[in-house]
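If you read the protein sequences in the order shown, they are chains A and B.
Numbered per our numbering, the first sequence spans residues 98 to 446.
Numbered per our numbering, the second sequence spans residues 98 to 446.
C-beta: ideal position from N, C-alpha, C; glycine also.
Here's the structure we're looking at; comments come further down.
Number of protein chains: 2
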Amino acid sequence: MSVTIYDIAKKAKVGIGTVSRVLNNHPNVSEPTRKRIFSIARKLQYRPHPVARALAGKGSNSILAFIPFFPTHFFSEVLQGVQSRLSDIDWELILYGVNHPDQLGTAFERHVLRTHVSGMLLFSMKVNKEFVKTSRNLKTPLVLVDAFHPSFDSITVDNKRGAYLATQHLIALGHKRIGLLNANPQSVPARERLDGYKEAMRDAGLTAHPELIKQSRSKVFDGFTRVTGAELMKEFIALKKNMPTAIFVASDTQALGALETLEENQLRCPEDIALVGFDDIELARYMGLTTVRQPMFMMGALAVEMFERRLKNLKGAPVHSQFTPDLVVRTSCGSSRERARSLDILRRA
Amino acid sequence: MSVTIYDIAKKAKVGIGTVSRVLNNHPNVSEPTRKRIFSIARKLQYRPHPVARALAGKGSNSILAFIPFFPTHFFSEVLQGVQSRLSDIDWELILYGVNHPDQLGTAFERHVLRTHVSGMLLFSMKVNKEFVKTSRNLKTPLVLVDAFHPSFDSITVDNKRGAYLATQHLIALGHKRIGLLNANPQSVPARERLDGYKEAMRDAGLTAHPELIKQSRSKVFDGFTRVTGAELMKEFIALKKNMPTAIFVASDTQALGALETLEENQLRCPEDIALVGFDDIELARYMGLTTVRQPMFMMGALAVEMFERRLKNLKGAPVHSQFTPDLVVRTSCGSSRERARSLDILRRA
DNA sequence: TCATTTTGTGGAAGCGCTTCCAAAAAAGCG
DNA sequence: CGCTTTTTTGGAAGCGCTTCCACAAAATGA
Numbered sequence: 098m099s100v101t102i103y104d105i106a107k108k109a110k111v112g113i114g115t116v117s118r119v120l121n122n123h124p125n126v127s128e129p130t131r132k133r134i135f136s137i138a139r140k141l142q143y144r145p146h147p148v149a150r151a152l153a154g155k156g157s158n159s160i161l162a163f164i165p166f167f168p169t170h171f172f173s174e175v176l177q178g179v180q181s182r183l184s185d186i187d188w189e190l191i192l193y194g195v196n197h198p199d200q201l202g203t204a205f206e207r208h209v210l211r212t213h214v215s216g217m218l219l220f221s222m223k224v225n226k227e228f229v230k231t232s233r234n235l236k237t238p239l240v241l242v243d244a245f246h247p248s249f250d251s252i253t254v255d256n257k258r259g260a261y262l263a264t265q266h267l268i269a270l271g272h273k274r275i276g277l278l279n280a281n282p283q284s285v286p287a288r289e290r291l292d293g294y295k296e297a298m299r300d301a302g303l304t305a306h307p308e309l310i311k312q313s314r315s316k317v318f319d320g321f322t323r324v325t326g327a328e329l330m331k332e333f334i335a336l337k338k339n340m341p342t343a344i345f346v347a348s349d350t351q352a353l354g355a356l357e358t359l360e361e362n363q364l365r366c367p368e369d370i371a372l373v374g375f376d377d378i379e380l381a382r383y384m385g386l387t388t389v390r391q392p393m394f395m396m397g398a399l400a401v402e403m404f405e406r407r408l409k410n411l412k413g414a415p416v417h418s419q420f421t422p423d424l425v426v427r428t429s430c431g432s433s434r435e436r437a438r439s440l441d442i443l444r445r446a
Numbered sequence: 098m099s100v101t102i103y104d105i106a107k108k109a110k111v112g113i114g115t116v117s118r119v120l121n122n123h124p125n126v127s128e129p130t131r132k133r134i135f136s137i138a139r140k141l142q143y144r145p146h147p148v149a150r151a152l153a154g155k156g157s158n159s160i161l162a163f164i165p166f167f168p169t170h171f172f173s174e175v176l177q178g179v180q181s182r183l184s185d186i187d188w189e190l191i192l193y194g195v196n197h198p199d200q201l202g203t204a205f206e207r208h209v210l211r212t213h214v215s216g217m218l219l220f221s222m223k224v225n226k227e228f229v230k231t232s233r234n235l236k237t238p239l240v241l242v243d244a245f246h247p248s249f250d251s252i253t254v255d256n257k258r259g260a261y262l263a264t265q266h267l268i269a270l271g272h273k274r275i276g277l278l279n280a281n282p283q284s285v286p287a288r289e290r291l292d293g294y295k296e297a298m299r300d301a302g303l304t305a306h307p308e309l310i311k312q313s314r315s316k317v318f319d320g321f322t323r324v325t326g327a328e329l330m331k332e333f334i335a336l337k338k339n340m341p342t343a344i345f346v347a348s349d350t351q352a353l354g355a356l357e358t359l360e361e362n363q364l365r366c367p368e369d370i371a372l373v374g375f376d377d378i379e380l381a382r383y384m385g386l387t388t389v390r391q392p393m394f395m396m397g398a399l400a401v402e403m404f405e406r407r408l409k410n411l412k413g414a415p416v417h418s419q420f421t422p423d424l425v426v427r428t429s430c431g432s433s434r435e436r437a438r439s440l441d442i443l444r445r446a
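See the structure below:
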């Protein structure tokens, strides 16, 4: 039915070994034969059979992506980056959505240990001890995206820097009492964002009064949820006269929750309280939320490139690549001049 | 390294054929041997090697999903449904994001024709002639989701009904001059939504004045974009005194665009114009947009189930399954008191 | 009892490929 | 020119599995 190397070999009057060598660009094939075989292969429309190839020992041209399966804009966009790069090199993407890191084990066993995946991408999840151990002495490269572990290649965003930028923006607008509405500081990103906030305050000679820092203790998505945003905002409001005039919220999702609470209390943003978020989720734009943006598409594409590099060089220290996020100024902080500008951009888009 | 049927055979002192037969539940194996082999397999933690299995002629336990790659909530959610069902039966999902239906050809050749995918899901795309021809005489089942073609199994949403519900809702609220802001009527869903709108109007004894129907002519995503929403809304506004008091918008995305135009023109929703959308994208909720919701997760899960059924019964007429969407009432039609408040956040001048 | 079915079993062939090893051809050298 | 070294080539082995065919064992029948 379909064309195999035997067909080519027969037609070219050579052995299958030679054909295989030509097709894989191995050395030691004379120029004439090489040309002839190539041309015959093209004429016959030969397509290597990936399954056979995989079985015979070569890798498999497929990479497995573990993504946490709650529908976020973040992933669609990162995946686009991944897919786009993958298509270029003719690889395929196997998607494995996980609701909890513990499910990693299953996926792992199913796909990786059964040979047929030759690369893995892991998104936004903490890798647990066991996972680290299993993966480390595996030849299958693993790239962490929006996650970090010293033993693996990884791509992250400079959370501290982003938080710094956000806070600085509020300071530049003249705010003195600036609060931090954080997620669970047990998680790395939350901690880093805390650091950035503190540093920006310090650099500006402002004090980050403890009452201005509200952090979640939730385990659910490490507190990066609307609910925590809404709750912590209530605590801020309870400060009454001591309420901050501006708050840096550790994620847009939380900012949304905070916004709801404000509304319930007849408080307006930015008049009563200015907000900056983090992530630039799709909603942020519509809500006019000033926020910190991560270059998602690029992160996805880079992940694949890092993987390719690793494939060529299995040993070698893990590479860690860090993106610097940008501040996206919209209306939630109230500078009217900037507001007009951002609307213009919107309109053009 | 890893356990093979040979290991099992040796340990059980039987031939590999017997092992294979047991593992695949073939008949004609005596009960004792069957038990023994099962138990040994378990003890050895045997896992069949999917690549070898695929090469030897069995299918491949992987299904390919073609999705249009613009980051929509719709797909995250449908894919969750797909993945969830797929995990149950231990299959894997290969994701292929396409930006244009023409790219289908490439994907097709890469995955399907090269044997190793044994099922396909196609989302929200028009299937072109060529694709139909190629796939039809293929043994690989194909299920269309949110798309339709008489030759294949498919799952759709009753667009007409949804549009009917939306329009009816506006009618029930007392509106008489109800507009339709549609996408490109060349696309099937747009046409169906048009039909639903017309029928609801007719049934209520109202006339769908031609000037109340604005349709996009855009080819970009068949006009289901913010831009067309914004533009067509301008045309409505240009009607001045004849402006409708309520509009059914063919998609939430377009409704968002329409909302922007309203805002630019100092018009308020729902006071000046009530809106109903379609799709229930994530934003709809935050915007308080009343809309028509599609049961996305279920559609995904059902897609896989249809596929399984087809696998067992290759021939047999294509099955078409239609979901009825629900109306989700929020504030954009003014039926709720809390209305506008949520929109106020946006508009905070 | 032996002949005939029926049931159970072993293992070769083959899926399409890569990779070896040995052998043939070409090139180099004195 | 013969001999050695290097380059090229053919094709067997093997990846782990399914399937088929032939044969062995057990069951059935007369």
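Shown here, A:Thr101 sits in coil according to DSSP, grouped into three states, outside any helix or strand. The residues Ser99, Val100, in chain order, have a CB closer than 8 Å to that of B:Arg144 in the same chain once the five nearest residues on each side in sequence are set aside. The three-state reading of DSSP puts A:Met298 in helix, counting H, G and I together. Contact check for B:Pro238 against B:Leu408 passes: the beta carbons are separated by less than 9 Å. Neighbours of A:Gly114 in chain B, taken as residues whose beta carbon is under 7 Å from its own, are absent, since the nearest beta carbon is some 20 Å off.
With a threshold of 9 Å between beta carbons, B:Phe321 makes no contact with chain A.
Between B:Ile344 and B:Ile378, the CB-CB gap reaches or exceeds 9 Å. In this structure, B:Val224 keeps its C-beta atom at 9 Å or more from the C-beta atom of B:Leu235. At a C-beta separation below 8 Å, B:Leu239 has no neighbours in chain A, since its nearest C-beta there lies roughly 18 Å away. Just so you know, the alpha carbons of B:Val317 and A:Glu174 end up roughly 19 Å apart. In this structure, A:Ser221 places its C-beta atom within 9 Å of the C-beta atom of A:Ile164. Each residue's CA atom was taken as its position, placing B:Cys366 and B:Leu359 some 8 Å apart. Along the stretch 379-414 of chain B, the beta strand (DSSP E) occurs as fully enclosed runs of 3 or more residues at 388-390, listed in sequence order. One thing to note: B:Ser157 has its Cβ within 9 Å of the Cβ of B:Ser215. At a cut-off of 9 Å between beta carbons, A:His266 makes no contact with chain B. The beta carbon of B:Ala244 lies closer than 8 Å to those of Leu219, Phe220, Ser221, Met222, Lys223, Val224, Ser251, Thr253 in the same chain, with the five residues before and after it left out. Excluding sequence positions up to five before and after A:Arg274, its CB lies within less than 6 Å of the CB of Pro341, Thr342, all in the same chain and listed in chain order. Contact of B:His123 with chain A by beta-carbon distance below 9 Å is absent, the smallest such distance being about 22 Å. Under the 9 Å criterion on CB atoms, A:Leu277 is classed as non-interfacial with respect to chain B.
Note that the C-beta distance between B:Gly320 and B:Ala352 is not below 9 Å.
For A:Met217, no CB of chain B lies under 9 Å from its own CB, so it is not counted at the interface with that chain.
Following the DSSP letters along the chain, one finds A:Lys311 inside the beta strand (DSSP E) bounded by residues 310-312.
Cβ contact annotation for A:Leu329 (same chain, cutoff 6 Å, sequence separation greater than five): Leu278, Lys311, in chain order.
With a beta-carbon spacing of about 20 Å, A:Phe375 and A:Arg299 fall beyond the 8 Å limit used to define contacts. Between A:His197 and chain B, the shortest Cβ-Cβ separation is not below 9 Å. The count of Cβ pairs closer than 8 Å, one atom from the stretch 392-408 of chain A and one from the stretch 178-189 of chain A, reaches three, so the stretches are in contact.
Residue contact with chain B for A:Ala343: absent (no Cβ-Cβ distance below 9 Å to any residue of chain B). Three or more Cβ pairs closer than 8 Å define a contact, and the stretch 181-201 of chain A meets that threshold against the stretch 401-417 of chain A. Put simply, the backbone Cα of A:Leu270 is about 23 Å away from that of A:Asp255. Around the Cβ of A:Gln391, a 10 Å sphere holds 16 or more other Cβ atoms; the residue is buried.
Identification of chain A residues near B:Tyr383 by a Cβ-Cβ cut-off of 8 Å yields Leu353, Leu380, Tyr383, Met384, ordered along the chain.
Around the beta carbon of A:Thr322, 16 or more other beta carbons lie within 10 angstroms, which makes this residue buried. Buried is the label assigned to A:Val116, since at least 16 other Cβ atoms lie within 10 Å of its Cβ. Contact between B:Thr388 and B:Val373 holds: CB atoms are separated by about 6 Å, below the 8 Å threshold. Pairwise C-beta distances place the stretch 411-427 of chain B in contact with the stretch 254-268 of chain B, as three or more of them are shorter than 8 Å.
Contact with chain B is found for A:Pro147, since one of that chain's Cβ atoms lies less than 9 Å from the residue's Cβ.
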